[in-house]
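J.:
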Amino acid sequence: MGKNKTKNTIDLHGIKHEEVEFVLANELFWKKRRNCHIITGNSEPMRTVVFDFLNNNDYKYCVEFTNTGQVIIIE
1 MGKNKTKNTI DLHGIKHEEV EFVLANELFW KKRRNCHIIT GNSEPMRTVV FDFLNNNDYK
61 YCVEFTNTGQ VIIIE
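Numbering (the numbering used here), first residue to last: 1 to 75.
1. For I15, which option in L28, T68, V23 has the closest C-alpha, if you only look at C-alpha atoms?
2. Would you call the segment 36-43 in contact with the segment 67-74, where contact means no fewer than 3 C-beta pairs closer than 8 angstroms?
3. In three-state DSSP terms, what is E18?
4. Please name the residue in N35, E64, L28, F65 whose C-alpha comes closest to that of I57.
5. Return the Cβ separation of N35 and I73 in integer angstroms, given the expectation that the two are a contact with Cβ distance under 8 angstroms.
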């Protein structure tokens, strides 16, 4: 998994769509990362997988108007 320089960033560039749920579960459930940024890029299918995962697992998040390729988990 690609990681940005920031400790609380999960960079999904280079991750296959079918692997995203595993990566997010590993980072968010097992490593207990909180208040982090998920870099999705502008791929609509990637964003859909991420949003579905976050919604299905009751995460609260936001997307900044100025950077739609990033999802910020707020709780």
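We put the beta carbon where it would ideally sit given N, CA and C, even for glycine.
Given the structure is predicted, the values throughout are model-derived calculations rather than measurements.
T.: Judging by the given coordinates:
1. As a first step, residue 15 must be located in the sequence shown, where it is residue number 15. The candidate whose alpha carbon is nearest that of I15 is V23.
2. yes
3. By one-based count along the sequence shown, residue 18 stands at place 18. The answer is helix: DSSP assigns E18 an H, G or I state.
4. Mapped onto the sequence shown, residue 57 falls at position 57. Correcting the residue type first, residue 57 is Asn in the shown sequence and not Ile. Minimum Cα distance to N57 is reached at L28.
5. The count along the sequence shown starts at 1 and reaches residue 35 at position 35. The count along the sequence shown starts at 1 and reaches residue 73 at position 73. About 6 angstroms separates the CB atoms of N35 and I73; that is less than 8 angstroms, so the two are in contact.
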